[in-house]
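J.: Let me give you the structure first, and then I'll get to my questions.
Number of protein chains: 2
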Amino acid sequence: MTENLTKPDAAEDDFELANFLPFLLNQAAEESSLAFQQVYKNRYGMLRTEWRVLFHLGMYGQMTAKEIGQRAKMHKTKVSRAVQRLAERRFLVRTRDAQDRRSEHLDLTPAGETAYRDLRGVARDYDIKLARHFTSGEVALLRAMLRQLAGIR
Amino acid sequence: MTENLTKPDAAEDDFELANFLPFLLNQAAEESSLAFQQVYKNRYGMLRTEWRVLFHLGMYGQMTAKEIGQRAKMHKTKVSRAVQRLAERRFLVRTRDAQDRRSEHLDLTPAGETAYRDLRGVARDYDIKLARHFTSGEVALLRAMLRQLAGIR
DNA sequence: GCGTAGTAGTTGATTTTGTAACTAACAATA
DNA sequence: TATTGTTAGTTACAAAATCAACTACTACGC
Numbered sequence: 012m013t014e015n016l017t018k019p020d021a022a023e024d025d026f027e028l029a030n031f032l033p034f035l036l037n038q039a040a041e042e043s044s045l046a047f048q049q050v051y052k053n054r055y056g057m058l059r060t061e062w063r064v065l066f067h068l069g070m071y072g073q074m075t076a077k078e079i080g081q082r083a084k085m086h087k088t089k090v091s092r093a094v095q096r097l098a099e100r101r102f103l104v105r106t107r108d109a110q111d112r113r114s115e116h117l118d119l120t121p122a123g124e125t126a127y128r129d130l131r132g133v134a135r136d137y138d139i140k141l142a143r144h145f146t147s148g149e150v151a152l153l154r155a156m157l158r159q160l161a162g163i164r
Numbered sequence: 012m013t014e015n016l017t018k019p020d021a022a023e024d025d026f027e028l029a030n031f032l033p034f035l036l037n038q039a040a041e042e043s044s045l046a047f048q049q050v051y052k053n054r055y056g057m058l059r060t061e062w063r064v065l066f067h068l069g070m071y072g073q074m075t076a077k078e079i080g081q082r083a084k085m086h087k088t089k090v091s092r093a094v095q096r097l098a099e100r101r102f103l104v105r106t107r108d109a110q111d112r113r114s115e116h117l118d119l120t121p122a123g124e125t126a127y128r129d130l131r132g133v134a135r136d137y138d139i140k141l142a143r144h145f146t147s148g149e150v151a152l153l154r155a156m157l158r159q160l161a162g163i164r
């Protein structure tokens, strides 16, 4: 059958879905998140949003919900709900700012610190495992490109 | 704001959240999907799942829901619902397979073809725009690495 | 002070996803 | 033919994401 009658552009066009960067990025992101997701889910009953908040606090110390939202590019309602659940489970504590009583400072509890350190170890191992597929130069370039695409300047 | 004042291990440890590949991949995927998402959402009221189904049919011609699910790594319920909505909006038609009446063949309608061609054009332009940040060698390497990470062998 | 505008964070309604159970059909086999 | 197992796709219900409206507060202008 003449393919060209029904889809004239398809043959002439070099565009391939499998090369479309947003598609590829999403596939890679989903696949690479999966194994790690199992860990924080099964080990601590956390969602991705909660893990991100935990990691930001563990990594950078005391932060407000707003700061976390900016850094992690999470919407404030996502952050709010993640913080709520982490507070319920005693992974963090909230303290109102004395100067500006709208905002509150978030700190990990010892339990939160422990979970953070545990998960950070898992994350580091997993990252190394992912990077092993490539040379260190390739990985460095990949990270730089991803940072650029993510708009992290 | 305040950086790593409070965290003693953070300095000793070379692990950085901002370098964690699943995190970076997710950020890049989300950010790079955003602008394109606006197009298929605003122009055709489609969700990401629907766009993916549309693209697969436009790209590869007649397929079953199962085949789309395998190619796009979408769960069958996602595919099922996307197909349902695309059928309601008359972007595709379903025909039962005569030999195996469990499965059905999906084909784009003329309206579906039109939407597909339109969106493919947008996607191609957008892809080129994204790739312009890098050399063609870098982009080729990026695509190869993403494919590997996505488990597409 | 008082009024207005803006911000940090929360809540509620709606939409979308995820998980499991389900229907209908096929296949093999006794 | 009946039995058991498997598969394509759907549906129901719970979990989660999204968006808009909301509360409590701060800051500015008068």
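Heads up: the protein sequence lines correspond to chains A and B, in order.
In short: position in the first sequence from 1, add 11, done, that's the working numbering.
In short: position in the second sequence from 1, add 11, done, that's the working numbering.
Cβ atoms here follow ideal geometry from the backbone N, Cα and C, with glycine treated the same way.
This structure is a prediction, so every number in the text was calculated from the model and none was measured.
For a cutoff of 8 Å on Cβ pairs, would you count K89 (chain A) as touching chain B?
T.: Mapped onto the first sequence, residue 89 (chain A) falls at position 78. No, K89 (chain A) lies away from the interface with chain B (no Cβ there is under 8 Å from its Cβ).
J.: Is L160 (chain B) near E42 (chain A), with beta carbons less than 8 Å apart?
T.: Counting from 1 along the second sequence, the entry for residue 160 (chain B) is found at position 149. Counting from 1 along the first sequence, the entry for residue 42 (chain A) is found at position 31. Yes, these two residues count as a Cβ contact at 8 Å.
J.: In the DSSP assignment, what residue or residues form a beta bridge with L36 (chain B)?
T.: Counting from 1 along the second sequence, the entry for residue 36 (chain B) is found at position 25. Paired residues: none, contrary to the question.
J.: Identify, in the order they occur along the chain, each residue of the same chain with its Cβ nearer than 8 Å to the Cβ of L68 (chain A), setting aside the five sequence neighbours on each side.
T.: In the first sequence, counting from the first residue as 1, residue 68 (chain A) sits at position 57. Around L68 (chain A): M74, I79, L103, L117, D118, L119, G123 and Y127.
J.: Just to confirm my understanding: we take L28 (chain B), look at its own chain, exclude 5 residues before and 5 after, and list those with CB closer than 7 Å. What are they?
T.: Counting from 1 along the second sequence, the entry for residue 28 (chain B) is found at position 17. For L28 (chain B), same chain residues with a beta-carbon under 7 Å away, outside a window of 5 residues either side, are F34 in chain order.
J.: For A21 (chain A), name the three-state secondary structure that DSSP assigns.
T.: By one-based count along the first sequence, residue 21 (chain A) stands at place 10. For A21 (chain A), the predicted model reports a pLDDT of 44, less than 50, meaning its position is unreliable and no value from the coordinates is stated.
J.: To the nearest angstrom, how far is it from the Cα of V133 (chain A) to the Cα of F47 (chain A)?
T.: The residue labelled residue 133 (chain A) in the question sits at position 122 within the first sequence. The residue labelled residue 47 (chain A) in the question sits at position 36 within the first sequence. For V133 (chain A) and F47 (chain A), the distance between alpha carbons rounds to 8 Å.
J.: Following the continuous alpha helix (DSSP H) through T106 (chain A), name the residue where it begins and the one where it ends.
T.: As a position in the first sequence, residue 106 (chain A) is number 95, starting the count at 1. Where T106 (chain A) is concerned, there is no enclosing alpha helix (DSSP H), although the beta strand (DSSP E) it sits in stretches over L103 to R107.
J.: Rounded to the nearest angstrom, how far is the Cβ of L153 (chain A) from that of M156 (chain B), given a contact under 8 Å?
T.: Residue mapping note: residue 153 (chain A) aligns to position 142 of the first sequence, counting from 1. Residue mapping note: residue 156 (chain B) aligns to position 145 of the second sequence, counting from 1. Going by Cβ atoms, the distance from L153 (chain A) to M156 (chain B) rounds to 5 Å, so yes, they are a contact pair.
J.: So if I threshold CB-CB distances at 7 Å, which residues from the segment 74–102 of chain A count as touching chain B?
T.: E78 and K84
J.: Under the rule that 16 or more other beta-carbon atoms within 10 Å means buried, what is N15 (chain B), buried or exposed?
T.: Working through the second sequence from its first residue, we reach residue 15 (chain B) at position 4. Since pLDDT at N15 (chain B) reaches only 42, below the 50 mark, its modelled position is unreliable, and the value read off the structure follows with that caveat. Classification of N15 (chain B): exposed, given that the 10 Å Cβ count is below 16.
J.: Applying a beta-carbon distance threshold of less than 9 Å, which residues of chain A neighbour A109 (chain B)?
T.: Within the second sequence, residue 109 (chain B) is the residue found at index 98, counting from 1. Within 9 Å Cβ-Cβ: nothing; A109 (chain B) doesn't reach chain A, min ~19 Å.
J.: Going by DSSP, which residues form a beta bridge with M70 (chain A)?
T.: Taking the first residue of the first sequence as position 1, residue 70 (chain A) is located at position 59. DSSP, once it has assigned bridges, lists no residue as partnering M70 (chain A).
J.: Against chain A, with Cβ distances strictly below 8 Å, would P121 (chain B) count as a contact?
T.: For this step, residue 121 (chain B) is matched to residue 110 along the second sequence. Chain A, which has no Cβ nearer than 8 Å to the Cβ of P121 (chain B), makes this no.
J.: Just to confirm the assignment: which complete beta strand (DSSP E) runs, minimum length 3, are found wholly within the segment 93–143 of chain A?
T.: 103–107 and 115–119
J.: At what residues does the alpha helix (DSSP H) containing M156 (chain A) begin and finish?
T.: Residue mapping note: residue 156 (chain A) aligns to position 145 of the first sequence, counting from 1. It spans S147 to A161 - the alpha helix (DSSP H) in which M156 (chain A) sits, taken as one unbroken run.
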